[in-house]
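Presented below is the structure to which this report refers.
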Amino acid sequence: MFDDNFKNALKIMSLALTVLLFSLSQARANDIQTVEYTCNEGIPLIVEYINTNTTSIAVISHDSSPRITLDNVPSGSGAKYSNGDWVLQVKGKTALVGTQGQTDDECKEVAQNARGEGYNAGITYPRKAKSWGGIMRSGPGTKYDKLGSIKQGEWVTLLEPTTVQSNSFPWFKIQFQGRTGYQWGGIICSVGEQVPGTFNKCKAD
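If you read the sequence shown in the working numbering, its first letter stands for residue 3, the second for the next number, and so on.
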């Protein structure tokens, strides 16, 4: 008799745990919103906004840093999150982020059609393009090391667009003279079909 009661209790506990885990997974799926931003100098900011019935937090990765959890704190306008050091203030499609209470880095939300998947739509990579000159860097942004210089009119191979933007143009991962690096789409022209994210089509030689 005791064994039967014990088995029934285990079954009930197992069922309750299954229901609880399912509910949590559904709540997680419904209450998490991931937003990408581009900050000063093309620095990326990824924010996961997580809302439950009792709490609201933001998990951020700024400039590819480890993920940092910030709690929602009172704010007069928009939304504000902080952990006592890092601060994130959001209003509309603009986010201000910084440390030591200073929100000194301004970030703009990356539009849906400006993300990598938007630039990939209908475009196959790799593909040939031309550069209007400039610097090839080790990462997608001016803060990364210089790998070399590209002269105006030289051929490059576009490997893929990135989600990092500067002045409304994305950075592309490219190949040039056997080396792989990154160059800003605002100084790249498309050869043949217009590649979204490049400045324009190249003029005929």
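All residues carry an ideal CB built from backbone N, CA and C; glycine is no exception. It should be emphasised that the depicted structure is a prediction, and the values quoted were computed from it without experimental measurement.
Item	Value
Sequence-distant residues of its chain with Cβ nearer than 8 Å to Leu90 (five each side left out)	Val49, Ala60, Ile62, Leu72, Lys82, Tyr83, Ser84, Ala97, Leu98, Val99 and Thr105
Other residues of its chain near Gly183: CB distance less than 7 Å, five sequence neighbours each side excluded	Met138, Arg139, Ser140, Leu149 and Ile176
According to DSSP, residues forming a beta bridge with Gly136	Ile152
Residue environment, Gln179, which counts as buried when at least 16 other CB atoms sit within 10 Å	exposed
Exposure of Ile190, with buried meaning 16 or more beta-carbon neighbours within 10 Å	buried
Outcome for Ile152 when other beta-carbon atoms lying within 10 angstroms are tallied against a minimum of 16	buried
Exposure label - Gln185; buried when at least 16 CB within 10 Å	buried
Closest residue to Thr56 among Val166, Asn74, Ile70 and Gly44 (Cα-Cα distance)	Asn74
Bounding residues of the beta strand (DSSP E) (the contiguous stretch that carries Asn53)	Pro46 to Asn53
Residues of its chain near Asp87, where Cβ-Cβ distance is below 7 Å and the 5 sequence neighbours each way are ignored	Thr101 and Gln102
Proximity below 8 Å, CB of Glu43 to CB of Thr144	yes
Reference Pro46, options Asp107, Glu195, Leu160 and Asp65, closest by Cα	Asp65
Supposed close pair Thr40, Gln167 - CB separation, criterion 8 Å	4 Å
DSSP state of Asn42 mapped onto helix, strand, coil	helix
Per-residue DSSP class, three states only, for Ile190	strand
Exposed unless 16 or more other CB atoms sit within 10 angstroms - verdict on Thr36	exposed
Other residues of its chain near Glu156: CB distance less than 6 Å, five sequence neighbours each side excluded	Ser133
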